[in-house]
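A short worksheet on the structure shown next.
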Amino acid sequence: MTAYRYLSTGTIEIKHSQFPRRSLLPLGRDYLWQIESGVVRTSTWLEDGTNVTLGLWGAGDVVSRVLSKADPYQIECLTAVEATLLPVDRWYQVNDALIKHIQQFQEFLEILHCRSVETSLLRLLIWLANKFGQEVERGQRIELRLTHQELSEIIGTTRVTVTRLLKDFENQGIIERLPRKFIVLHDKSPFWHYEI
Numbered sequence: 001m002t003a004y005r006y007l008s009t010g011t012i013e014i015k016h017s018q019f020p021r022r023s024l025l026p027l028g029r030d031y032l033w034q035i036e037s038g039v040v041r042t043s044t045w046l047e048d049g050t051n052v053t054l055g056l057w058g059a060g061d062v063v064s065r066v067l068s069k070a071d072p073y074q075i076e077c078l079t080a081v082e083a084t085l086l087p088v089d090r091w092y093q094v095n096d097a098l099i100k101h102i103q104q105f106q107e108f109l110e111i112l113h114c115r116s117v118e119t120s121l122l123r124l125l126i127w128l129a130n131k132f133g134q135e136v137e138r139g140q141r142i143e144l145r146l147t148h149q150e151l152s153e154i155i156g157t158t159r160v161t162v163t164r165l166l167k168d169f170e171n172q173g174i175i176e177r178l179p180r181k182f183i184v185l186h187d188k189s190p191f192w193h194y195e196i
C-alpha cells in the first residue's frame with residue numbers, strides 16, 4: 001500500500017510517498033526519487049539471472065531510472081521507505097544529492113573491485129557502518145538488516161562464502177554479531193594505508 005501526500009509548488013506538484021519493505025519504486029525518465037527515510041537498493045540482473053546490486057541508498061540520496069543505463073533496472077525498498085518524487089524541472093534542488101550519488105557510486109565500485117572477497121566484504125561492512133550505522137560503546141552498529149544472500153549479491157560471491165567470512169571476522173574480533181545486526185569494532189584496523 002502506497003500513501004501519497006502532495007505539496008503544491010505553483011503549477012508543479014511534488015509527491016511524497018510511502019512504500020513498504022520489498023516493494024518497488026515506480027520508474028520513469030522524467031523524475032527523481034529523493035529518499036526521506038529508509039533504504040533502497042538499485043539493481044539489475046544479467047542474462048543468466050545473476051542479480052547485480054548497483055547501490056544502496058538512504059535518507060537524502062536520490063535515485064532514478066534516469067541515473068542508470070542498466071537495463072533491466074529496479075529500485076527495491078529494503079526497509080519501509082518514504083520518498084519524494086521530484087519532476088525534471090525541480091532537479092536543481094538536489095544538485096548536492098546528485099554529486100553525492102556519483103561519489104557514493106564510485107565508493108561502491110572501489111569496494112567491488114577489491115582483489116579478495118574477504119577484503120571486499122570487510123570494506124562493505126565498514127561502508128555500511130559509516131552510512132547506515134549508529135555509534136555504540138564498542139563501535140558502529142549497522143542498523144540495516146541484510147541477509148547473507150543480499151551481502152553475497154552485493155559483492156558478487158556466494159552466500160556460503162559470506163557466512164564463512166562473517167564467522168571468521170567474528171572469531172578475529174573484527175565484528176560482533178547481534179541478532180540481525182552487526183557491530184564493526186573500532187579497535188580493529190584491518191587495512192594498511194600507505195602513501196607513495
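In terms of full-length UniProt numbering, the sequence shown opens at residue 1 and continues consecutively.
Ideal placement from N, C-alpha and C gives every residue a C-beta, glycine not left out.
- Distance from the Cα of L32 is smallest, within the candidate group S43, N51 and D61, for D61.
- Proximity of the region 97 to 106 to the region 157 to 166 falls short of the contact definition, fewer than three beta-carbon pairs being nearer than 8 angstroms.
- Buried is the label assigned to R41, since at least 16 other Cβ atoms lie within 10 Å of its Cβ.
- Taking all protein chains shown into account, G58 has 16 or more neighbouring C-beta atoms within 10 Å of its C-beta and is therefore buried.
- Using a Cβ-Cβ distance cut-off of 8 angstroms, the region 121 to 133 and the region 81 to 97 are not in contact, since fewer than three pairs of beta carbons, one from each stretch, lie closer than that value.
- A distance below 7 angstroms between beta-carbons, with the five flanking residues on each side excluded, links A97 to the following residues of its chain, in chain order: Q34, G60, D61 and V62.
- In this chain, S23 is not harboured by any alpha helix (DSSP H), its DSSP state being neither H nor E.
- Per the coordinates, the alpha-carbon of F132 lies some 12 angstroms from the alpha-carbon of V184.
- Between the C-alpha atoms of Q134 and Q93 there is a straight-line separation of about 28 angstroms.
- Sorting L78, F19 and Y73 by C-alpha distance to the C-alpha of T50 places Y73 at the top.
- When the five nearest sequence neighbours on each side are left out, the beta carbons in the same chain lying within less than 8 angstroms of the beta carbon of W91 are those of L32 and L98, in order along the chain.
- DSSP, read as helix, strand or coil, puts Y73 in coil.
- At a Cβ-Cβ threshold of 8 angstroms, F169 and L124 do not count as neighbours.
- By the criterion of a C-beta distance shorter than 6 angstroms, L27 is surrounded in its chain by R65, once the five residues flanking it on both sides are discounted.
- Spatial neighbours of E176 in its own chain (CB-CB distance under 8 angstroms, excluding positions within 5 residues in sequence) are listed in chain order as R138, G139, E170, F182, I183 and L185.
- When DSSP assignments are scanned along the UniProt domain "HTH crp-type" (115 to 189), the uninterrupted stretches of alpha helix (DSSP H) that are 4 or more residues long and fall wholly within it turn out to be 117 to 132, 148 to 155 and 159 to 171.
- Beta-bridge partners assigned by DSSP to L109: none are found.
- Annotation: W91 is outside any beta strand (DSSP E) and is labelled neither H nor E by DSSP.
- The criterion of a C-beta distance shorter than 8 angstroms is satisfied by S43 and T53.
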